[in-house]
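A.B. asks: Structure below; questions to follow.
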Amino acid sequence: VSSTVYNTNSYWLESESGVALIDAQMLRSDAELLATLIASSGKPLKGAVITHAHFDHYGGLNLLREKFGEFPIYTTKKTADGFKPNHEGALNWTPDVHGDDFDKVLVEADQIVESGDVIEIAGISLKIDDIGPGESPNSIVVYQADENILFTGDATFNQGHYYLGEGRSEAVLKQQEYLKANYGDVKMYYAGHGDPSTPAAVLDSQIEYVQFMQSIIKDRLAEGDYMNAENTSVKDDVLETLVGEMLTRYPNLNDYGIGAEKLVGWGVAGVVNELRN
Ligand SMILES: [Zn+2]
Numbered sequence: 001v002s003s004t005v006y007n008t009n010s011y012w013l014e015s016e017s018g019v020a021l022i023d024a025q026m027l028r029s030d031a032e033l034l035a036t037l038i039a040s041s042g043k044p045l046k047g048a049v050i051t052h053a054h055f056d057h058y059g060g061l062n063l064l065r066e067k068f069g070e071f072p073i074y075t076t077k078k079t080a081d082g083f084k085p086n087h088e089g090a091l092n093w094t095p096d097v098h099g100d101d102f103d104k105v106l107v108e109a110d111q112i113v114e115s116g117d118v119i120e121i122a123g124i125s126l127k128i129d130d131i132g133p134g135e136s137p138n139s140i141v142v143y144q145a146d147e148n149i150l151f152t153g154d155a156t157f158n159q160g161h162y163y164l165g166e167g168r169s170e171a172v173l174k175q176q177e178y179l180k181a182n183y184g185d186v187k188m189y190y191a192g193h194g195d196p197s198t199p200a201a202v203l204d205s206q207i208e209y210v211q212f213m214q215s216i217i218k219d220r221l222a223e224g225d226y227m228n229a230e231n232t233s234v235k236d237d238v239l240e241t242l243v244g245e246m247l248t249r250y251p252n253l254n255d256y257g258i259g260a261e262k263l264v265g266w267g268v269a270g271v272v273n274e275l276r277n
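Counting in this note's numbering, the sequence shown runs from 1 upward without gaps.
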């Protein structure tokens with residue numbers, strides 16, 4: 001878990017012959033800590049899977065390649081397509097905030113797999129399932145059958161605010177139903193942020209969270225006069241009221257070190273933009 005940015009998780013699975021990695025951190029310093037932990041196994045890093053194209057999950061790949069050589073990096077085509085634009089977007093602000101700790105060198109996935117493929121890394125089988133758009137423009141989940149566990153990327157956030165800043169609340173709800181139908185009996189979900197959880201502990205509460213945000217936004221949109229003068233985003237006072245309603249209903253959810261008001265504010269602004277269209 002990164003303690004510097006967004007509390008992003010990486011997971012590594014170890015076999016006799018090596019290590020398989022799920023997600024690769026954002027900053028070089030966090031990726032270096034991760035590399036140290038992987039190296040302490042005394043085994044080679046045989047490959048990585050990236051769940052989605054948000055920079056906090058793949059920004060550390062260049063550092064890891066420097067340490068471990070050219071290990072393969074797996075994801076689906078639609079997920080891989082997001083790496084470059086997302087990295088370019090991050091470079092607009094990361095030099096000011098993180099200096100050289102955010103790598104300007106983009107390392108992309110080089111092993112494009114189809115949804116449903118079962119890959120093997122260090123003899124560990126991982127099923128890749130492309131679940132389409134949602135929290136990010138496109139994402140996958142990774143199923144490990146022997147342990148009956150699922151790496152969910154940012155499709156689930158255990159006991160945390162669900163990130164809706166990109167305004168795809170409807171798609172997120174579809175993903176939650178898909179996970180229920182296809183991975184409802186999985187022993188444990190390992191999410192991109194927050195602690196592991198059972199499916200039952202997370203899916204229904206996330207659906208409720210997203211639907212509640214949608215409902216208060218729809219009510220406010222129906223009153224009209226909610227956009228700023230430039231018509232570029234929701235008015236500050238409207239945003240503040242809606243965020244207040246969210247935080248009153250969900251006072252104790254994890255904010256991953258971002259700050260709940262900021263994180264929920266991104267979500268409200270994103271969903272206003274989605275639902276007003
Ligand atoms: Zn994330």
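Ideal Cβ positions, reconstructed from N, Cα and C, are used throughout, including at glycine. Remember, predicted model here, so these are calculated numbers, not experimental data.
Would you say leucine 33 and valine 5 are within 8 Å of each other, going by their C-beta atoms?
C.D. replies: Translated into the one-based positions of the sequence shown, residue 33 becomes position 33. Translated into the one-based positions of the sequence shown, residue 5 becomes position 5. Their beta carbons are not under 8 Å apart, which means leucine 33 does not touch valine 5 by this criterion.
A.B. asks: Compute every distance between the C-beta of aspartate 117 and the non-hydrogen atoms of ligand 1, then say whether any falls below 7 Å.
C.D. replies: Locating residue 117 in the sequence shown gives position 117, counting from the first residue. No, the beta carbon of aspartate 117 sits no closer than 7 Å to any heavy atom of ligand 1.
A.B. asks: Taking the straight line between their C-alpha atoms, what separation do you get for valine 264 and serine 17?
C.D. replies: Counting from one through the sequence shown, the residue named residue 264 turns up at place 264. Counting from one through the sequence shown, the residue named residue 17 turns up at place 17. Approximately 43 Å between the Cα atoms of the pair.
A.B. asks: Using a threshold of 8 Å, state whether the C-beta atoms of glutamate 70 and serine 41 are closer than that.
C.D. replies: Within the sequence shown, numbered from 1, the residue matching residue 70 stands at position 70. Within the sequence shown, numbered from 1, the residue matching residue 41 stands at position 41. Cβ distance not < 8 Å, so glutamate 70 and serine 41 don't count as in contact.
A.B. asks: Assign leucine 91 to buried or exposed, taking buried as 16 or more other Cβ atoms, counted over all protein chains shown, within 10 Å of its Cβ.
C.D. replies: Indexing the sequence shown from 1 puts residue 91 at position 91. Leucine 91 should be labelled exposed.
A.B. asks: Return the Cβ separation of phenylalanine 83 and glutamate 108 in integer angstroms, given the expectation that the two are a contact with Cβ distance under 8 Å.
C.D. replies: In the sequence shown, the residue the question calls residue 83 occupies position 83. In the sequence shown, the residue the question calls residue 108 occupies position 108. Distance from phenylalanine 83 to glutamate 108 at the Cβ level is roughly 5 Å; contact confirmed, criterion being Cβ atoms closer than 8 Å.
A.B. asks: Would a C-beta distance cut-off of 8 Å place asparagine 7 and aspartate 23 closer than the cut-off?
C.D. replies: The sequence position of residue 7 within the sequence shown is 7, counting from 1. The sequence position of residue 23 within the sequence shown is 23, counting from 1. No, these two residues do not count as a Cβ contact at 8 Å.
A.B. asks: So tyrosine 162 and valine 172 are supposed to be a Cβ contact under 8 Å. How far apart are they, rounded?
C.D. replies: Mapped onto the sequence shown, residue 162 falls at position 162. Mapped onto the sequence shown, residue 172 falls at position 172. Confirmed, Cβ separation roughly 7 Å.
A.B. asks: Going by Cα to Cα distance, which pick from Ile73, Asn252, Gln159 is closest to valine 202?
C.D. replies: Here residue 202 corresponds to residue number 202 of the sequence shown, with the count starting at 1. For valine 202, the nearest C-alpha among the options comes from Gln159.
A.B. asks: Between Lys235, Leu45, Ala191, Glu208, which has its C-alpha nearest glutamate 177's C-alpha?
C.D. replies: The count along the sequence shown starts at 1 and reaches residue 177 at position 177. If we check each option's Cα against that of glutamate 177, Glu208 comes out closest.
A.B. asks: Kindly indicate the opening and closing residues of the beta strand (DSSP E) around threonine 156.
C.D. replies: Taking the sequence shown and counting its residues from 1, the one referred to as residue 156 is at position 156. Note, threonine 156: premise wrong, no beta strand (DSSP E); not H, not E.
A.B. asks: Between histidine 54 and ligand 1, is the CB less than 7 Å from at least one heavy atom?
C.D. replies: In the sequence shown, the residue the question calls residue 54 occupies position 54. Histidine 54 Cβ: within cutoff of ligand 1.
A.B. asks: Jot down the residue ranges of each uninterrupted beta strand (DSSP E) in the segment 11-82, minimum 3 residues, whole runs only, in chain order.
C.D. replies: For the segment 11-82, whole beta strand (DSSP E) runs of length 3 or above, ordered along the chain, are 11-14, 19-22, 45-49, 73-76.
A.B. asks: For glutamine 25, does the count of other Cβ atoms within 10 angstroms reach 16, so buried, or fall short, so exposed?
C.D. replies: If you number the sequence shown from 1, residue 25 lands on position 25. When all chains shown are included, glutamine 25 counts as buried.
A.B. asks: Write down the C-beta distance between glutamate 245 and isoleucine 216 rounded to the nearest angstrom, noting that I regard them as a contact closer than 8 Å.
C.D. replies: One-based indexing of the sequence shown puts residue 245 at position 245. One-based indexing of the sequence shown puts residue 216 at position 216. With 8 Å as the limit, glutamate 245 and isoleucine 216 qualify as a contact, their Cβ atoms being about 5 Å apart.
A.B. asks: When the cut-off is 8 Å and only beta carbons count, does valine 19 lie next to chain C?
C.D. replies: Chain labels in this structure do not include chain C; a single protein chain is all it has.
A.B. asks: Do alanine 31 and leucine 64 come within 8 Å of each other at the CB atom, strictly closer than that value?
C.D. replies: As a working mapping, residue 64 is identified with position 64 in the sequence shown. As a working mapping, residue 31 is identified with position 31 in the sequence shown. Their beta carbons are under 8 Å apart, which means leucine 64 touches alanine 31 by this criterion.
A.B. asks: Who pairs with serine 233 in a beta bridge, going by DSSP?
C.D. replies: Looking up residue 233 in the sequence shown gives position 233. Answer is none; serine 233 lacks a bridge partner.
A.B. asks: Among all the DSSP beta bridges, which residues are the ones paired with leucine 150?
C.D. replies: Counting from 1 along the sequence shown, the entry for residue 150 is found at position 150. Paired residue(s): Tyr143, Tyr189.
A.B. asks: What three-state label does DSSP hand glutamate 120 in the structure shown?
C.D. replies: Taking the sequence shown and counting its residues from 1, the one referred to as residue 120 is at position 120. Strand at glutamate 120.
A.B. asks: Whose C-beta lies closer than 7 Å to the C-beta of glycine 194 among residues of the same chain, with five residues either side of it excluded?
C.D. replies: Position 194 of the sequence shown, counted from the first residue, corresponds to residue 194. The residues are Phe157, Asn158, Gln159, Gly160, Asn254.
A.B. asks: Where glutamate 88 and lysine 180 are concerned, what is the direct C-alpha to C-alpha distance, given to the nearest angstrom?
C.D. replies: By one-based count along the sequence shown, residue 88 stands at place 88. By one-based count along the sequence shown, residue 180 stands at place 180. Rounded to whole angstroms, glutamate 88 and lysine 180 show a C-alpha spacing of 34 Å.
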